[in-house]
Each structure stands twice: as C-alpha cells, then as structure tokens.
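Peer 1: Mind looking over this structure? Questions follow.
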Amino acid sequence: MNLKMDPYRLGLIATRTHYFQLVARLGSIRQASKALNVAPSSISRVIKQLEDELGTPLFERVRQRLRLTSAGELLLYHVRESYVDMNRAVMEINDLSGLRRGTIAVATIESAARGMLPEALEEFWSRHPEITVDVKVVSSQDVANAVGDGSCDLGIAFDVSVPRNARRLSSLAVPLGLLVPPGSRFADRTELRTFDISGERIILSDTSLSLSMSVEELFSGSMVEFSRRSRTNSIGLMIDLARRGLGAIMQTRVGVEREIENGELLFIPLRDPKLRPRRLMLMSRAKSEISDAASAFATSLSRCFEQLKS
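Here it is as structure tokens:
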C-alpha cells in the first residue's frame, strides 16, 4: 500500500469529509451550502461521489430533512475519531515547542465574545504572542457539541450540560436584568419585578439563543403585556438598539460590560420567583487531550470568570 499522497488528494479528502459532516449536522444540503457559500450542486456531487465509492446511501430523506443511514452514522463516527486523532497528534507536536507556538480552537457565545474574550486574549497574547487562537461564535449547544466532539479545545456557553469527553473548568450564576439607556423611566430603580415592565417596548432574542428560554420561562402564564419591538439572534444588534433608546432588552451583564461602564446602558436586575439565574460555563476537552497552550488560555479565561463574580 502506498502511504504517500499528494496535497491535491489530501485537500479533496478534507473537503469531502467537511461537506459530509456539515450536511449530517444541519440535515440539509441547502443549509450547508449557505454556511459554506458553496453551490448546493457542488455539495450534492460530493455526497454522491462518497456514496458511489462506498456503494451505499449515506442519507435518507425524512420529513424534508436528510437523516443519516446506518452506513452514514458509521462513517460519521470514524470521520470524527480520525479528526480527534489528528488533532491530538498536532497538539503533541506543538507541545514539543512548549508555549512558543501552536493553535487553540475556542467556541463561544456572542456575549462572551464581546466581553470577556478580548480581555482574556489581550492578557494571553502579552505572554504568548506566537500562539494562534481561532474563535468560532455559535449557539450554546453548538459550543458544547464542538468541545464534546473535539473540534474545539475550549468553550464558553450558557445553560448547557457538559458533554462526554469534556470537563467543566469554571461556572458562574449570572442574574437576568433589564438593560435600558440612562433616560429610561427605570433609571432610578435598583431592581424590577416582572409587572414593572408592562407596556415596555422589548427587543427579544430568537429561539436560536438560549437566552430566549429564560425570557419565555419568565413570562409563561404571566398577565404582563409588553410590546415586542424586534426579535433577533444578534446580541450586538440588541445592545445597539437599546443604546439608541429604541427598546429595552432582557439579558445578563455578560457582553455589555463596556456599555455599562461607560454609562451608555443601565443594568437593572429582575426579581421574580420563577426566574432562575443563568449559568455561564467554561469547559474544555478532557485533560489528557488538551495542549499546554489551551490550558494556559483556559487559566486566562478562568480569571475573567472570577472578575465577573466581584
């Protein structure tokens, strides 16, 4: 068996496995094409080539979605195992150079990317300037999935369970509150009850964000009526709209630290028996699988968690 392979062939294999994994995760060639900015026909052709070479279907259509066949599930398992093994080998090679070079992959929610992550990166790069840190902003559940399947070393997420093959490094209970500009009718309040916001124009997060579950839980069965000004999956847009006085948002302080410190927004905690604090979590791959560089960056992120507690 010839073990040598030219770069073109290696690139082709990487492309095929990437397309296959994305279609398996999204359950749709069209959604995968949007995520990759690649024509659906190209992705369909790659999947068809894989199926022809293996001599068996990898997907079946169920209620307008693509679901893995038994053969597809087996292929996905081995593709992920191969990725983890390759990633482990790369990390071990990088470890030979200590903390002088290497790459860390981080999955995070948007609010942490706006707030604690830049601060942690500034501290980390001041000590380890040659370490590359790749950051992917996704939903909380996708953060957990990325750490669990080994595609990311570290993850920051709200209200998720720690997956297998991962461990919790830090955890923090963060209260939910109303964020309003200084001119708001609530500017002099130190806390609010649910009924206080009746009639307020609220900018809501959509269901792709775990924040929406906390808000829905708060208003479930409530007689409070408010005006829904907008619904979006962008924390940044929600904050910018609130800064302009175009509506109030219900969120934690995470990701809004700069606006609160500058006096552009006020954070007023919400007190309600039905409302539980949100749980912000820093997780990592198993200790045996994480590089020295990722461990060092995890330490920087843990310090940010400690600062949020104060």
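Numbering-wise (numbering that gives the first Met the number 0), the sequence shown opens with residue 0 and increments by one. Where is the CB? At the ideal position from N, CA and C, for every residue including glycine. Given the structure is predicted, the values throughout are model-derived calculations rather than measurements.
How would you call LEU53, buried or exposed, if buried means at least 16 neighbouring beta carbons within 10 angstroms?
Peer 2: Working through the sequence shown from its first residue, we reach residue 53 at position 54. The residue in question, LEU53, is exposed, as its Cβ has fewer than 16 Cβ neighbours within 10 Å.
Peer 1: Identify every run of the beta strand (DSSP E) within the stretch 131 to 197, keeping only runs that are complete inside it and at least 3 residues long; order them along the chain.
Peer 2: Qualifying beta strand (DSSP E) stretches, in chain order: 153 to 157, 165 to 173, 176 to 179.
Peer 1: Mind checking whether LEU177 and LEU191 have CB atoms under 8 Å apart?
Peer 2: Locating residue 177 in the sequence shown gives position 178, where the first residue counts as 1. Locating residue 191 in the sequence shown gives position 192, where the first residue counts as 1. Cβ distance < 8 Å, so LEU177 and LEU191 count as in contact.
Peer 1: What residue range is occupied by the uninterrupted alpha helix (DSSP H) comprising ALA38?
Peer 2: Stepping through the sequence shown from its first residue, residue 38 is reached at position 39. ALA38 -> no alpha helix (DSSP H), and no H or E assigned at all.
Peer 1: So VAL37 packs on ILE28, CB below 8 Å; how close in whole Å?
Peer 2: To locate residue 37, count along the sequence shown from 1; it is residue 38. To locate residue 28, count along the sequence shown from 1; it is residue 29. That pair is no contact at about 10 Å.
Peer 1: Along the chain, where does the alpha helix (DSSP H) that runs through GLN306 open and close?
Peer 2: Translated into the one-based positions of the sequence shown, residue 306 becomes position 307. From DSSP, the alpha helix (DSSP H) with GLN306 extends over 291 to 308.
Peer 1: Over the uninterrupted beta strand (DSSP E) stretch that includes PRO268, give me the two end residues.
Peer 2: To locate residue 268, count along the sequence shown from 1; it is residue 269. Element bounds for PRO268: 265 to 268.
Peer 1: ALA293 and SER283: beta carbons closer than 8 Å?
Peer 2: Within the sequence shown, numbered from 1, the residue matching residue 293 stands at position 294. Within the sequence shown, numbered from 1, the residue matching residue 283 stands at position 284. Cβ atoms of ALA293 and SER283: closer than 8 Å.
Peer 1: Run the CB neighbour count on SER236, radius 10 Å, all protein chains shown included, and call it buried at 16 or more, exposed below.
Peer 2: Here residue 236 refers to the residue found at position 237 when the sequence shown is read from its first residue. Ser is not the amino acid found at residue 236; the sequence shown has Leu there. By the 10 Å Cβ count, LEU236 comes out exposed.
Peer 1: Quick one: what does DSSP say LEU57 is sitting in, helix, strand or coil?
Peer 2: Looking up residue 57 in the sequence shown gives position 58. If DSSP states are grouped into helix, strand and coil, LEU57 belongs with coil.
Peer 1: Would you call LEU245 buried or exposed, if buried means 16 or more other Cβ atoms sit within 10 Å of its Cβ?
Peer 2: In the sequence shown, counting from the first residue as 1, residue 245 sits at position 246. Exposed, because fewer than 16 other Cβ atoms sit within 10 Å of the Cβ of LEU245.
Peer 1: Are the CB atoms of PHE266 and SER169 nearer to each other than 8 Å?
Peer 2: Working through the sequence shown from its first residue, we reach residue 266 at position 267. Working through the sequence shown from its first residue, we reach residue 169 at position 170. Contact flag unset, no.
Peer 1: Using a Cβ-Cβ cut-off of 6 Å (strictly less than) and excluding sequence neighbours within five positions of THR102, which residues of its own chain qualify?
Peer 2: By 1-based counting over the sequence shown, the position of residue 102 is 103. Excluding positions up to five away in sequence, the list reads THR131.
Peer 1: Output the distance between the C-alpha atoms of GLU50 and PRO56, rounded to the nearest integer angstrom.
Peer 2: In the sequence shown, residue 50 corresponds to position 51, counting from 1. In the sequence shown, residue 56 corresponds to position 57, counting from 1. Distance between the alpha carbons of GLU50 and PRO56: 5 Å.
Peer 1: Three-state secondary structure (DSSP) at THR107?
Peer 2: Here the question's residue 107 lines up with position 108 in the sequence shown. Looking at THR107 - three-state DSSP - the assignment turns out to be strand.
Peer 1: Within the same chain, show all residues whose beta-carbon is closer than 8 Å to that of LEU307, passing over the 5 residues directly before and after it, in chain order.
Peer 2: Position 308 of the sequence shown, counting from 1, holds the residue named residue 307. Counting only Cβ-Cβ distances below 8 Å, and skipping sequence neighbours, we find MET115, LEU171, VAL173, ARG252, VAL253, LEU279.
Peer 1: On the three-state DSSP scale, how would you describe SER27?
Peer 2: The residue given as residue 27 occupies position 28 in the sequence shown. Here SER27 sits in coil by DSSP.
Peer 1: Thinking just about the alpha-carbon of each residue, which of GLY149, CYS151, LEU175 is nearest to the one in PHE157?
Peer 2: As a first step, residue 157 must be located in the sequence shown, where it is residue number 158. PHE157 has its Cα closest to that of LEU175, out of GLY149, CYS151, LEU175.
Peer 1: How many Å lie between ASP291 and GLN63 at the Cα?
Peer 2: Start at 1 with the first residue of the sequence shown, and residue 291 comes out as number 292. Start at 1 with the first residue of the sequence shown, and residue 63 comes out as number 64. Cα to Cα, the separation comes out at about 44 Å.
Peer 1: If you reduce the DSSP assignment to three classes, tell me which class PHE19 lands in.
Peer 2: Here residue 19 is taken as the residue at index 20 of the sequence shown, counted from 1. PHE19: helix per DSSP, three-state reduction.
Peer 1: Between VAL45, PRO117, ARG15, LEU67, which has its C-alpha nearest LEU25's C-alpha?
Peer 2: Taking the sequence shown and counting its residues from 1, the one referred to as residue 25 is at position 26. Selected option, being the one with the closest Cα: LEU67.
Peer 1: Please report how far the alpha carbon of ALA143 lies from the alpha carbon of LEU153, in whole angstroms.
Peer 2: The residue you call residue 143 lines up with position 144 of the sequence shown. The residue you call residue 153 lines up with position 154 of the sequence shown. Their Cα atoms are separated by approximately 9 Å.
Peer 1: Could you round the C-beta distance between ALA285 and ASN164 to whole angstroms and report it? I think they count as a contact, below 8 Å.
Peer 2: As a first step, residue 285 must be located in the sequence shown, where it is residue number 286. As a first step, residue 164 must be located in the sequence shown, where it is residue number 165. With 8 Å as the limit, ALA285 and ASN164 qualify as a contact, their Cβ atoms being about 6 Å apart.
Peer 1: At 4 residues or longer, and completely inside the stretch 230 to 280: list those alpha helix (DSSP H) runs for me, N to C.
Peer 2: Counting only runs of 4 or more, we get 234 to 242, 256 to 260.
Peer 1: Roughly how many angstroms separate the alpha carbons of ALA13 and VAL146, rounded to a whole number?
Peer 2: Sequence index remark: in the sequence shown, residue 13 carries index 14 (1-based). Sequence index remark: in the sequence shown, residue 146 carries index 147 (1-based). The straight-line gap from Cα to Cα measures roughly 20 Å.
Peer 1: Beta carbon of VAL137, beta carbon of ALA104: below 8 Å?
Peer 2: Residue 137 sits at position 138 when you count from the first residue of the sequence shown. Residue 104 sits at position 105 when you count from the first residue of the sequence shown. Going by C-beta atoms, VAL137 is not nearer than 8 Å to ALA104.
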